[in-house]
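Structure first, then comments.
Chains as they are written, first to last, in my numbering: chain V, 1 to 260; chain X, 1001 to 1344.
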């Protein structure tokens, strides 16, 4: 079901009396890569958890193609929305291929009952994140960057039409950051809605189709990259001084300092 | 396609001969258990006694050795699979009903109905009370430690619950009108299959079997939990439901087991450990081997207690504790880092 859309419909979240999200209203269109940016504590991860139905909002709802996503059976929802949380854990030292196969669980595939299509999806996901050579290694024996790519492969293996990834490039070196951003962009080009929480504004500017900027639980700007990522706004929200340059591939951000 | 098939085989590294070895060992030990006792019986006499007749051999086999063997088999099985299930749920190799204080609580529940005169030793109220008390201990434990508990918090809370249940049990005994209660209960608390009848089997088996089936069916949930609760939820697993199903099933199984055999500790720690040596760490794949290992361990321990020459028969719970405590300490040593990192 490529071409799915997601709508955070006036979503608010209170945690322990603290307002984490306040009437967030964003319509995510299909076949696009959205970068969700904002300073630490802006509410990005909480919004992602709500979009993934891992956390229930205090108010508002999430609509999948204008249907309340909370009304969908959990297995069906899991086939449509794949989610990679910020906290990537592997409680037991499992082999990489078996871990990635967990991404096929929404399709009813288990290690015991997987069909060739499931193993094909797992192999493709491992290949796309360039971890095929690690397939038989144990997850706990990998470096932080390798693990990050394996976990992304797990999310890709679901072959969902909506992919929510929270800081997918946080532990990666520049080469692999670029590789993962290219992979996410390809997902979007193939008709998938990709929403990625990113701290690297330069990569967000380079790869994202649209930007959603959060600050203190509110949407401060959303839209095209060039419209949202302006020097005055970045100075205001992130307290950084930035030079915005235009080239053939879009805009490029050069951080020149911080706003005291 | 061929490549995929070969990879499929690679990804399932569970050599069947290892499980076959486990089955074979279990069959041998069950036979040994049926053949071991104060009265020497030949194989032919034992078999004849099992299937029919009304002579001494038949009485010994059907009234003494069969119930004892069946109880060791099923109590060991439920304790083993309960340990594996709790470890899958808590994502922690140190989780075990004993560490959580559940058997101690179940024993308190059983002692409460037994010595308050509410029910006899062969009443269904006994396992029900033990199950209720075990479940209550889990609820209290979960309320204390929360969902993302560190190992340290888990063990400390379990220790507190176990100690409290032990203290409450001793108070019930002290207030009991039966002067023999103290000796009787002290022996019972150490766990044994001595002098059990088919009535005990009938009393506990329905609960134990139901709990086993429920726990064995939760494998996919424990496997998804390898990635943490958020990822498991996003994969379509209802984590909250899984938690309650597991805790209720473990309480039911452990409660029923304790009601008929007393508190037998650490099987839930040793059995999954053995299962991991056989089939790897996958929380789903270890469930059945953990059940079999638990059965094997208890049947074996119950043969050992009958073979050791002693004034009073050794207690099977003492044997499992002798095996389990060193393993528990070794596991703590191996996972020392968890105590530092998981301090939240």
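We put the CB at the ideal spot given by N, CA and C, even for glycine.
Quick caveat, the model's predicted, so the values are computed rather than measured.
Other residues of its chain near residue i: CB distance less than 8 Å, five sequence neighbours each side excluded
i: residue 1030/X; result: 1069, 1073 and 1299
i: residue 111/V; result: 98 and 101
i: residue 57/V; result: 11, 12, 13, 21 and 50
i: residue 19/V; result: 12, 13 and 217
i: residue 95/V; result: 135, 136, 137, 138 and 139
Endpoints, the beta strand (DSSP E) within which residue i is located
i: residue 18/V; result: 18-28
i: residue 223/V; result: 218-224
i: residue 14/V; result: 6-15
i: residue 89/V; result: From DSSP, residue 89/V is part of no beta strand (DSSP E); its letter is neither H nor E.
i: residue 257/V; result: 250-258
i: residue 266/V; result: No answer is possible for residue 266/V: it lies beyond the span of chain V, which begins at 1 and ends at 260.
i: residue 214/V; result: 210-215
i: residue 35/V; result: 33-37
Outcome for residue i when other beta-carbon atoms lying within 10 angstroms are tallied against a minimum of 16
i: residue 1023/X; result: exposed
i: residue 59/V; result: exposed
i: residue 1103/X; result: buried
i: residue 1293/X; result: buried
i: residue 71/V; result: exposed
i: residue 203/V; result: buried
i: residue 1002/X; result: Summary for residue 1002/X: the model assigns pLDDT 37, below 50, so the residue's position carries little reliability; its value from the coordinates is reported in the next sentence. That one is exposed.
i: residue 1218/X; result: buried
i: residue 2/V; result: exposed
i: residue 98/V; result: buried
i: residue 1171/X; result: exposed
i: residue 247/V; result: exposed
i: residue 150/V; result: buried
i: residue 1040/X; result: exposed
i: residue 141/V; result: exposed
i: residue 1326/X; result: exposed
i: residue 88/V; result: buried
i: residue 1159/X; result: exposed
i: residue 1283/X; result: buried
i: residue 1333/X; result: exposed
i: residue 1036/X; result: buried
i: residue 68/V; result: exposed
i: residue 1143/X; result: exposed
Same chain only: Cβ atoms within 6 Å of residue i, ignoring 5 sequence neighbours per side
i: residue 25/V; result: 10
i: residue 1154/X; result: 1145
i: residue 1252/X; result: 1131, 1207 and 1211
i: residue 1012/X; result: Any reading at residue 1012/X must be qualified, since the residue scores a pLDDT of 47, below 50, and its modelled position is unreliable; the value itself is stated next. Nothing listed; no residue qualifies.
i: residue 15/V; result: none
i: residue 209/V; result: 32 and 33
i: residue 1221/X; result: 1237 and 1242
Residue span of the alpha helix (DSSP H) that contains residue i, given as start and end
i: residue 1375/X; result: Any property of residue 1375/X remains undetermined from this structure, which presents chain X solely from 1001 to 1344.
i: residue 128/V; result: 116-128
i: residue 159/V; result: Taken as a continuous stretch (DSSP letters only), residue 159/V belongs to no alpha helix (DSSP H), as it is neither H nor E.
i: residue 1332/X; result: 1316-1334
i: residue 245/V; result: No alpha helix (DSSP H) contains residue 245/V, which is instead part of the beta strand (DSSP E) from 240-247.
i: residue 1045/X; result: 1043-1051
i: residue 1056/X; result: 1056-1059
i: residue 1295/X; result: 1287-1307
i: residue 98/V; result: 96-101
i: residue 202/V; result: 201-207
7 Å CB neighbourhood of residue i in its chain, flanking five on each side removed
i: residue 173/V; result: 145
i: residue 17/V; result: none
i: residue 1063/X; result: 1197
i: residue 1191/X; result: 1261, 1262, 1263, 1264, 1315, 1316 and 1317
i: residue 1032/X; result: 1303
i: residue 239/V; result: 258 and 259
### Segments of 4+ residues assigned as alpha helix (DSSP H) that fall wholly inside the stretch 1068-1101 of chain X
none
### Message
Give the list of continuous beta strand (DSSP E) stretches no shorter than 3 residues that lie fully inside the stretch 56-80 of chain V.
### Response
59-64
### Task
Give the residues from the stretch 1231-1244 of chain X that approach chain V closer than 7 Å (Cβ to any Cβ), ordered along the chain.
1231, 1233, 1234, 1235, 1236 and 1238
#### Entry: Contact residues within the stretch 1273-1284 of chain X, judged by C-beta distance below 7 Å to chain V
1281, 1282 and 1283
### Message
Using a Cβ-Cβ cutoff of 9 Å, what residues of the stretch 1201-1224 of chain X are near chain V? List them in chain order.
### Response
1219, 1220, 1223 and 1224
### Query
Taking any Cβ of chain X, which residues in the stretch 236-256 of chain V have a Cβ under 7 Å from it, in chain order?
none
### Message
Quick check for students: name the residue ranges of the alpha helix (DSSP H) that lie wholly in the stretch 1207-1277 of chain X, counting only runs of 4 or more.
### Response
1219-1224, 1229-1234 and 1239-1261
### Selection of the stretch 1065-1095 of chain X by Cβ proximity to chain V, strictly under 7 Å
1091
### Every unbroken alpha helix (DSSP H) within the stretch 1122-1198 of chain X, with a cutoff of 4 residues, ordered by chain
1125-1145, 1151-1175 and 1181-1189
### Query
Unbroken alpha helix (DSSP H) runs of length 4 or more, entirely within the stretch 170-194 of chain V: which are they?
174-189
#### Entry: Positions along the stretch 1128-1147 of chain X whose CB lies within less than 8 Å of some CB in chain V
none
### Query
Closer than 9 Å, Cβ to any Cβ of chain C: which residues of the stretch 173-195 of chain V, in chain order?
Structure shown: chain C not included; protein chains present are V and X.
### Task
Could you run through the stretch 39-68 of chain V and flag, in chain order, every residue whose CB is less than 8 Å away from some CB of chain X?
49, 52, 53 and 54
#### Entry: chain X contacts made by the stretch 102-131 of chain V, where a contact means CB separation under 8 Å
102, 103, 105, 106, 110, 111, 112, 114, 116, 119, 120 and 123
### Interface residues of the stretch 1247-1261 of chain X facing chain V [CB-CB below 7 Å]
none
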